[in-house]
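Colleague: Per the numbering used here, the very first residue in the sequence shown carries number 17; after that it's consecutive.
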Amino acid sequence: KDSIELMITDIVMPNLGGHQAAEHIRMTRPLTKILVISGYPTGSGGTESSLLKRGHAFLPKPFSLKQLAAKVKEVLGE
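1. Does the distance from the CB of residue 16 to the CB of residue 23 come in under 7 Å?
2. Buried or exposed for residue 51, going by 16 or more other Cβ atoms inside 10 Å?
3. Rounded to the nearest angstrom, what separates residue 84 and residue 21 at their Cα positions?
4. Could you compute how far the alpha carbon of residue 90 sits from the alpha carbon of residue 79?
5. By DSSP, does residue 41 sit in helix, in strand, or in coil?
6. What residues in its chain sit with their C-beta under 8 Å from that of residue 7, if we drop five residues either side in the sequence?
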């Protein structure tokens with residue numbers, strides 16, 4: 017019933033990976049914005065470009081609380 021404005025997920029999680037969790041949320045709550053975090057390397061054709069093609073935002077690890085807050089604000093359009 018309640019709206020979910022933002023989902024933050026890691027790429028690698030037990031049982032259900034971040035990609036799968038994000039896609040599930042998109043199917044059930046299409047307006048929810050998704051921020052995916054990962055410590056895996058990025059680059060052309062890698063994790064980041066794959067996520068951006070799906071409409072998800074990306075934040076590489078490690079990151080500070082300040083960086084996380086700034087990315088959340090960016091994703092939410094604030």
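We treat Cβ as the ideally placed atom computed from N, Cα and C, and that holds for glycine.
Modeller: For this structure:
1. An answer regarding residue 16 cannot be provided, because it is not within the stretch 17 to 94 covered by the chain.
2. The count along the sequence shown starts at 1 and reaches residue 51 at position 35. The residue in question, residue 51, is buried, as its Cβ has 16 or more Cβ neighbours within 10 Å.
3. Here residue 84 refers to the residue found at position 68 of the sequence shown. Here residue 21 refers to the residue found at position 5 of the sequence shown. About 16 Å.
4. Translated into positions along the sequence shown, residue 90 becomes position 74. Translated into positions along the sequence shown, residue 79 becomes position 63. About 15 Å.
5. Against the sequence shown, residue 41 aligns to sequence position 25. Residue state, collapsed to three classes: helix.
6. Lying before the first or after the last residue shown, residue 7 is absent from the chain, which here runs from 17 to 94.
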